[in-house]
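The structure appears below as structure tokens.
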Amino acid sequence: MKIAVVGLGVAGSYLLNRLSEQHEVDGYERQPFDRFNAVCAWGTSRHELGKILSPLGISFEQYILHDGKYMRVDLGEEMLEIPLKGLVTFDKHQLELDLVKGQRAHFGVKATPDSILNDGYDLVIDATGNHRAFLPKLSQDFFIPCIEYKVKYNPSPPTDDFYIKPFRHDSGYLWYFPLEKGNGYVGAGDFFRKHLEFADEYNRNHPGEIIKKIGRPIRFTPPRLCEPFYQGKVVGVGESIGTIFPILGEGIIPSLECAEILCETLPDLEEYRERVLDHFSIFYDIYRLVKLKIENRFNPIRHANLLMKTYRYMKAREERFGMTIRANDLYKIIRM
């Protein structure tokens with residue numbers, strides 16, 4: 129097949145590499161090569177990324193910047209300290225560039241439906257994230273606006289490990305993720321659009337040299353509400369079809385899982401749709417839980433089933449999330 133991958137973020141760069149083994153594939157990225165930014169806080173599970181990248185002949189260990197030991201969760205009146213099981217920060221920028229190295233990657237090209245759909249491709253993969261540029265707009269679409277700063281600290285960073293501060297009603301959270309050489313990512317995402325206020329307050333209290341600033345929303349809508357996944361010869365992957373874990377706003381691993389499902393099911397797009405809906409079915413339940421909290425309608429008794437589903441799903445996948453999952457911690461965070 130002749131395939132176009134539009135968007136060379138984590139899912140798009142993976143697909144360009146993976147599909148080029150058997151197909152004729154072009155990748156298109158609107159950012160110029162010398163200004164290419166890999167957005168997000170660069171946190172993930174070393175176990176899961178190691179398994180995903182190993183078949184491509186890529187050792188994930190070479191990209192690790194910080195190997196976490198614990199995560200502090202600031203609840204205001206209490207500070208939780210959660211033991212970690214492989215949560216790391218990694219050089220996402222370099223990984224994405226290495227995935228497309230030697231492939232037919234076209235940077236600085238703004239691919240549009242008019243140009244790509246008439247260019248002889250058998251399949252066009254929409255990996256444009258929150259833009260969903262090649263698929264119909266959604267009737268129900270929810271976003272969490274985010275801001276992120278890469279900060280250099282001198283003489284030392286404000287903390288030596290992961291730190292997050294959830295906001296009231298679980299509308300989002302502030303994060304500090306350690307990088308390397310005294311650098312860190314400070315960011316915040318908030319449904320009520322107070323993310324700038326929270327991030328700027330943290331930076332005032334913990335001053336450093338701001339090296340980079342990135343702002344973008346992330347899609348909060350789960351796959352169940354992101355159909356259609358495909359239309360004609362266009363198919364969506366990753367965040368364009370809602371593969372963001374709702375309670376964490378984390379999309380690296382889910383988007384790569386989604387990309388691999390596409391590789392395994394091509395050319396059967398209906399099978400792809402069915403497997404995505406099945407694999408990410410829990411995302412809808414967790415989305416409902418978080419939405420109830422945001423709307424101040426969560427009742428711990430009435431909605432205990434949603435809370436237990438979330439806990440059981442995460443507890444069974446501690447290495448995938450890179451942390452110890454404890455019921456009491458989750459309950460304390462949810463009840464904020």
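So for the sequence shown, the numbering used here puts the first residue at 129; every next one is plus one.
Beta carbons are placed, not taken as given, at the ideal position from N, Cα and C, and that holds for glycine.
From L143, K341 and D247, residue whose alpha carbon lies closest to that of E224: Among L143, K341 and D247, the Cα nearest to that of E224 belongs to L143.
Straight-line gap, I410 to E446 (C-alpha atoms, nearest Å): Each residue's Cα considered, the two are about 16 Å apart.
Pop quiz: D219 and Y191 are said to be a contact at Cβ under 8 Å. What is the actual Cβ separation, rounded to whole angstroms? About 5 Å; that satisfies the 8 Å criterion.
Mapping DSSP to helix, strand and coil, what is L193? Correct three-state label for L193: strand.
Of the residues S368, K361 and F408, which one's Cα is nearest the Cα of Y397? It is worth fixing the name first, because residue 397 is Leu in this sequence and not Tyr. Looking at the Cα atoms, K361 is the closest of the given residues.
Spell out the partners DSSP gives Y277 in its beta bridges. Its beta-bridge partners are V314 and K341.
Thinking C-beta only, is G300 closer than 8 Å to I272? Their beta carbons are under 8 Å apart, which means I272 touches G300 by this criterion.
In the DSSP assignment, the alpha helix (DSSP H) including H407 goes from what residue to what residue? Per DSSP, H407 belongs to the alpha helix (DSSP H) from L397 to H407.
Can you list, in chain order, the residues of its chain whose CB lies under 7 Å from that of E423, leaving out five sequence neighbours each side? Annotation for E423: no residue places its beta carbon closer than 7 Å to its own, counting only its chain and skipping 5 residues before and after.
Does the beta-carbon of E176 have 16 or more other beta-carbons within 10 angstroms, so that it is buried, or is it exposed? Burial call: buried.
Beta strand (DSSP E) runs contained entirely in the segment 345-396, provided each spans 3 or more residues: Correct list: 362-364.
When the Cα atoms are used, what is the spatial distance from T393 to F326? When rounded, the distance between both Cα atoms is 43 Å.
Which residues DSSP lists as bridging M451, in chain order: Per DSSP, the beta-bridge partners of M451 are L212.
Are the CB atoms of Y313 and K278 within a distance shorter than 8 Å? Pairing K278 with Y313 gives a Cβ-Cβ distance under 8 Å.
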